[in-house]
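What follows is a set of notes on a single structure, which appears directly below.
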Amino acid sequence: MHLSREPVKVDRAAEYPNLGIYSFGRGVFPKPPISGATTAADTLYRVRARQFIYSRLFAFEGAFALVPPEMDGWYVSNEYPTLEVTESEAIPEFLGLVIRAPRTWHQLAGMTVGMGHRRQRLHPESLLAFEIDLPSLDAQRDVVAAVSAADAVAAAAAAESEAARAFAIAMNDHLSAFGDWPNVTLGEFLTQSSATEHVADDVDYKQVTLRIRGRGIALRGVASGSTIKTKRQHLVRT
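Numbers given in our numbering equal positions in the sequence shown, counted from 1, plus 1306.
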């Protein structure tokens, strides 16, 4: 990486979209626009997508991030150094994963300078002198892909958890608003399906199984009728 700053002289009649960086490696967030009429700064710094960016003042607690595409061309103050990645050597997303890892920024915290816990700054020269293990580009891509897949699973689980929470709140609100609902047995509106099918030896059958903990149905596999011992199978419908 190398330091890459794009200074812009402040126009007192303009407003500048502004981003901040969460601590603990949690990425960036939009801040209120900087008004040229009210800011004391004479210069702001334009950032570009996939640049590496961090907060000098909060590096000790993991304020590192990559600039996302939707914030390309936004602005930060001098306290947020931006760095370009030499992509023939390293993938920005891989470096982002490495440097946002708690073990890394705990080590970087020892390279900060200044008096007082909240006044310690990590200068770009110190960050650029930090050593990491760097695998091949293909290995870096594999790591990024694996983490992205894991993140997608975690996001889906979080969304499902939030949906369940919203459902529980809605149920509670309805009970509070309309009084008690009638108490019934499941047998009053559910009946056991008797649909079965004779198993033919020369037919393949898709078989399903139930996941535990209320996680739905999964395909067990396809079995030839000649290998199925029970010659009548239950037929399921949507």
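From the three backbone atoms N, C-alpha and C, an ideal C-beta is built for every residue, glycine too.
Under 8 Å, do residue i and residue j count as touching if we go by C-beta distance?
i	j	result
A1407	G1520	no
Q1446	T1502	no
V1453	L1403	yes
F1366	A1435	no
V1505	I1475	no
E1399	V1450	yes
L1492	K1512	no
M1307	V1391	yes
R1311	Y1351	yes
In terms of alpha-carbon separation, which member of the options lies closest to residue i?
i	options	result
P1428	E1437, E1321, R1543, M1417	Residue identity differs from the one stated: residue 1428 is Leu in this sequence, not Pro. That would be M1417, whose Cα lies nearest to the Cα of L1428.
T1544	S1532, G1527, V1514, K1537	V1514
A1346	V1316, A1470, P1430, L1389	V1316
G1326	A1319, P1338, A1320, R1318	P1338
R1318	T1349, P1336, V1334	T1349
P1374	L1492, G1333, A1343, R1409	G1333
P1430	D1510, G1493, Y1386, A1470	Y1386
I1359	D1378, A1529, D1508, R1526	D1378
V1353	D1457, A1371, L1401, R1471	A1371
S1499	A1465, L1525, K1512, L1541	L1541
Y1328	S1361, L1433, E1468, Q1413	S1361
W1411	L1433, A1461, G1342	L1433
L1443	Q1426, L1401, N1478	L1401
F1335	E1437, A1369, R1471, L1516	A1369
I1397	S1467, T1536, L1440, G1531	L1440
L1363	K1537, E1393, N1384	N1384
I1438	A1456, I1405, E1468	I1405
Specify the secondary structure class of residue i as computed by DSSP and reduced to three states.
i	result
G1522	coil
M1421	Residue placement at M1421 is poorly supported in this model, since its pLDDT is 49, which falls under 50; the coordinates still yield a value, given next. Of the three classes helix, strand and coil, the one that applies to M1421 here is coil, per DSSP.
A1452	helix
F1366	helix
T1533	helix
Q1357	coil
E1494	helix
P1375	helix
D1510	strand
S1447	The question names Ser, yet the displayed sequence has Arg at residue 1447. Helix.
P1441	coil
N1489	coil
V1314	strand
Y1328	coil
V1528	strand
S1499	coil
R1538	strand
V1505	coil
To the nearest whole angstrom, what separates the beta carbons of residue i and residue j, a pair I think is in contact under 8 Å?
i	j	result
L1389	Q1357	6 Å
Y1381	P1323	6 Å
E1510	A1529	The sequence shown places Asp at residue 1510, not Glu. D1510 to A1529, Cβ: 7 Å. Contact.
E1321	G1342	7 Å
Consider the Cβ of residue i: report whether some Cβ of chain B lies at a distance smaller than 8 Å.
i	result
S1442	The structure shown contains no chain B; it is built from a single protein chain.
Enumerated in chain order, which unbroken segments of the beta strand (DSSP E) with a length of 3 residues or greater are wholly contained in the region 1456–1480?
Here no run is fully enclosed.
Length-filtered (3 minimum) beta strand (DSSP E) runs lying within the region 1383–1436:
Whole beta strand (DSSP E) segments, 3+ residues: 1388–1390.
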